[in-house]
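The structure appears right after this line, and notes come after that.
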Amino acid sequence: MAKSIVIVGNGYRAASGETATPDREISWTRKELDLLLRVYGRQVAAGEWRDYAIDMLRDRAAFSIFRRSAEMPLYRVEKRPALAAKQGAYCVISMTGAILKRGHDLAQVLKVLEKKKDTFRLIGA
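Take UniProt numbering: the final residue in the sequence shown is number 125, and no numbers are missing along the way.
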């Protein structure tokens with residue numbers, strides 16, 4: 001007997017209970033998306049980033065940032081409500097899997113993604 005397939009958005013998931021119903025998925029709010037897309041837009045304008053992906057899963061929502069669309073994400077911003085009372089619901093994860101910043105306030109967590117302006121001074125001559 002063949003398994004039935006459920007089409008969800010642009011992906012396929014087996015109908016054997018692997019699909020998450022929309023009310024159980026963790027998602028980004030409009031305010032959170034606004035903060036994420038502002039940082040993303042500034043980095044695109046600077047030529048640093050080129051693509052992004054949004055994933056909504058049962059335990060977390062992820063905003064992945066790519067330099068090129070065919071690569072692994074440079075950074076992943078995750079929202080994990082289960083950790084809200086502990087370390088904070090938001091974290092920024094690097095390509096290597098290292099957690100760069102974690103906290104309760106998304107705006108503060110996203111500051112780790114802002115490029116620091118290089119300040120160079122000529123000395124001598």
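The beta carbon of each residue, even a glycine, is placed where N, CA and C say it ideally should be. In this text the structure is predicted, and so the values were computed from the model without any measurement.
Within the model, the alpha-carbon separation for S64 versus I123 is close to 41 Å.
Per DSSP, the continuous beta strand (DSSP E) segment holding K79 begins and ends at 75 to 79. For A45, the uninterrupted alpha helix (DSSP H) run begins and ends at 30 to 45, by DSSP. Distances from the CA of E48 to each of D34, M56, S69 were compared; the closest alpha carbon is that of S69. Across the structure, Q43 and S94 are spaced so that their CA atoms are roughly 16 Å apart. Annotation for A107: the continuous alpha helix (DSSP H) segment containing it runs 106 to 110.
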